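Participant:
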Amino acid sequence: MIPPAARTFWSLGTILLVPVLVSLLVFYLAYSAKNVRFEVSDQGLRIEGDRFYGRQIPAASLVANEAKLLDLQTSEYRPRRKTNGVGLPGYKAGWYRLRNGRKALVFLTVQERAVYIPTRDGYSVLLSPAQPDQFLNALQQLGAAK
6 MIPPAARTFW SLGTILLVPV LVSLLVFYLA YSAKNVRFEV SDQGLRIEGD RFYGRQIPAA
66 SLVANEAKLL DLQTSEYRPR RKTNGVGLPG YKAGWYRLRN GRKALVFLTV QERAVYIPTR
126 DGYSVLLSPA QPDQFLNALQ QLGAAK
């Protein structure tokens, strides 16, 4: 038998490598979900721990006095379509279109007690902080200080 061409082995290697890389990415995203933190300060809202979508949103961009606690199960603010993000069971992160058509930056692990924050930059933010009432209180204090 004539031995197969070298490209056969490269093709096989590529076919085997793709599932390994996808699995590593999924594990990294699941790990990131456990390490996302939200911090409200005089500078604004800092989202840390998610390398892809984490950021600092300046206080001047936040409409903090309109922030509210929502149950997304029955809300028009529920994420509907992912435009650039991650959608794993129990974790959504990235850019989504909401049921009401608005664009939102989403970091959700639970939908029953999410905090909705509109911004002046044409999008909203949806978060699942560990203590939503305290987080919302800190946001409202930031809005009152402006």
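Residue numbers (the working numbering): 6 to 151.
Quick reminder that beta carbons are idealized off the backbone N, C-alpha and C, glycines included.
In this text, all values refer to a predicted model and were calculated from it rather than measured experimentally.
Could you please give the first and the last residue of the uninterrupted beta strand (DSSP E) stretch that includes Tyr101?
Facilitator: Position 96 of the sequence shown, counted from the first residue, corresponds to residue 101. Its beta strand (DSSP E) spans residues 96-103.
Participant: Take Leu67 as the anchor and find which of Leu132, Phe112, Pro123, Gly127 has the nearest alpha-carbon.
Facilitator: Counting from one through the sequence shown, the residue named residue 67 turns up at place 62. That would be Pro123, whose Cα lies nearest to the Cα of Leu67.
Participant: Is the beta carbon of Ala135 closer than 8 Å to that of Phe112?
Facilitator: Here residue 112 corresponds to residue number 107 of the sequence shown, with the count starting at 1. Here residue 135 corresponds to residue number 130 of the sequence shown, with the count starting at 1. Contact: no.
Participant: Smallest Cα separation from Lys108: which of Thr114, Val130, Arg118?
Facilitator: Here residue 108 is taken as the residue at index 103 of the sequence shown, counted from 1. It is Val130 whose Cα lies nearest to the Cα of Lys108.
Participant: What three-state label does DSSP hand Glu81 in the structure shown?
Facilitator: Within the sequence shown, the letter at position 76 stands for residue 81. DSSP places Glu81 in coil when its eight states are reduced to three.
Participant: Report buried or exposed for Asp76, applying the criterion of at least 16 other Cβ atoms within 10 angstroms of its Cβ.
Facilitator: What you label residue 76 is simply residue 71 of the sequence shown in a count that begins at 1. When all chains shown are included, Asp76 counts as exposed.
Participant: Any idea which residues DSSP pairs Phe43 with across the strands?
Facilitator: In the sequence shown, residue 43 corresponds to position 38, counting from 1. Answer is Ile52, bridged to Phe43.
Participant: Taking its Cβ as the centre, do 16 or more other Cβ atoms sit within 10 Å of Ser46, making it buried, or is it exposed?
Facilitator: Counting from 1 along the sequence shown, the entry for residue 46 is found at position 41. So Ser46 ends up on the exposed side.
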